[in-house]
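The opening residue of the sequence shown carries number 0 in numbering that gives the first Met the number 0; numbering runs sequentially from there. Right, one structure below, let's go through it.
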Amino acid sequence: MRASVKAHTNIALIKYWGKRDEQLFLPTNNSLSVTLDKFYTITTVEFDELLQSDQFFLNGKQAESNEMKKVAQFLDRVRTKANRTIYAKVDSENHVPTAAGFASSASGYAALAAASAKAIGLNLNQRELSQLARQGSGSASRSIFGGYVEWNKGIEEDGSDCYAAPILDTDAWDLRVLSVEVTTKAKKVLSRAGMKRTVETSPFFAGWLEAVEEDLITIKQALQERDFTKLGQVVEANALKMHATTLGANPPFMYWQSATVEVMQEVQALRERGIEAYFTIDAGPNVKVVCQPEDEQKIHDALAFLHVVHDIHHCRVGPGITYLTD
Ligand code: PMV
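This is the structure we're talking about:
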């Protein structure tokens with residue numbers, strides 16, 4: 000009753016921002032991401048009759064109690080599905096920079112979903128795995144698949160039509176993503192708390208929901224036409240709109256720090272010099288820069304020159320989950 004799975008992170012090109020159901024992790028809008036080859040989680044799950052409770056080790060160390068609790072709740076869903084009461088030992092290795100933990104890691108819950116389902120004997124297809132992973136972390140629903148992936152919000156109350164599906168394969172379009180780590184001081188508002196506060200209090204949230212529909216149409220055209228300018232423009236604009244909603248929340252908050260803005264401005268300055276680069280930012284201060292292979296090194300050099308830049312990781316389009324054998 001043991002299984003190991005490798006799952007990669009993804010970066011949303013069109014963001015998931017807002018839930019319509021907190022318990023089932025049902026989003027208010029569709030989102031679209033690209034899976035990244037460089038960052039991943041490997042998780043081994045072993046169900047064992049002798050265990051008195053679940054155990055969770057993250058990078059070889061016993062996980063903190065809040066993370067343990069979330070993982071145990073997630074395993075409860077798996078046990079209910081399988082109609083079993085048996086506990087599990089979970090071992091996760093997170094190959095994700097700035098190891099901010101497990102809670103918001105798309106790769107973490109994608110790997111946990113696939114490994115726990117297999118280990119307990121559930122025979123789930125990828126769509127079902129996407130639905131299960133979603134209930135650990137929304138963005139994990141997209142990390143089941145490689146390439147360019149859309150997560151459909153669905154309309155059913157039970158979430159039965161809410162899952163991700165691939166739009167373009169891993170090798171369909173060779174774009175590059177530079178993951179730019181900046182020096183940070185402030186503590187971040189976790190995505191879960193941030194989107195809840197925005198949905199409940201920001202007057203800009205209605206505008207976000209309207210705009211995101213248009214952005215999805217545009218990005219799908221750009222993907223079909225392999226039109227990088229069209230893609231980059233909508234990616235950057237969509238991230239800005241998502242972050243704008245947080246400024247209208249009560250109390251207001253922002254994920255950017257001065258270093259974040261410096262990187263954003265350098266990306267815009269690069270474009271003025273004729274080098275095509277576009278940024279996107281998730282629920283934190285770091286910046287991801289999307290570009291074409293021929294510009295990758297020039298963009299790296301310009302960003303590495305900024306003193307606020309700590310590290311730059313080079314990513315390509317990555318694959319979906321893989322089952323590992325010992
Ligand atoms: O599913 P979570 O809790 O990792 O939330 C993800 C939220 C964003 O990263 C900001 C957007 C996204 O679609 O990944």
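C-beta: ideal position from N, C-alpha, C; glycine also.
Remark: the shortest separation between the CB of Ala282 and any heavy atom of the ligand PMV falls under 7 Å.
A Cβ-Cβ distance of about 40 Å is found for the pair Ile85 and Lys287, leaving them out of contact under the 8 Å criterion. Straight-line measurement puts the Cα of Lys80 at about 22 Å from the Cα of Phe144. Here Tyr254 is buried. Its C-beta has 16 or more other C-beta atoms within 10 Å. Taking non-hydrogen atoms of the ligand PMV into account, the C-beta of Lys14 is found less than 7 Å away from one of them. By the criterion of a C-beta distance shorter than 8 Å, Arg76 is surrounded in its chain by Leu131 and Gln134, once the five residues flanking it on both sides are discounted. At a cut-off of 4 residues, the continuous stretches assigned as alpha helix (DSSP H) that sit fully inside the stretch 198-253 are 204-224 and 227-246.
The DSSP-derived three-state label of Asp53 is coil. In the pairwise beta carbon analysis, the stretch 2-21 is classified as touching the stretch 281-295: at least three pairs are separated by under 8 Å. Look at Tyr108 here: in three-state DSSP terms it is helix. Scanning Ala87, Met194 and Glu127 for the CA closest to the CA of Ile119 turns up Ala87. Pairing Lys184 with Asn82, the inter-Cα distance amounts to about 46 Å.
Per the Cβ contact rule, the stretch 30-42 is not in contact with the stretch 248-268 (fewer than 3 Cβ pairs under 8 Å). No heavy atom of the ligand PMV is found nearer than 7 Å to the CB of Gly17.
The DSSP assignment places complete alpha helix (DSSP H) segments of no fewer than 4 residues inside the stretch 37-89 at 64-81, in order along the chain. If you keep only unbroken alpha helix (DSSP H) runs of at least 4 residues inside the stretch 112-145, you get 125-133. For Lys297, the enclosing alpha helix (DSSP H) starts and ends at Glu295 to Ala303. Going by C-alpha positions, Leu50 is about 12 Å away from Val89.
Here DSSP, grouped into helix, strand and coil, assigns Lys195 to helix. In this structure the stretch 107-114 does not touch the stretch 179-194; the number of beta carbon pairs closer than 8 Å is below three. Per DSSP, the beta-bridge partners of His7 are Tyr39. At least 8 Å separates the beta-carbon of His306 from that of Leu177.
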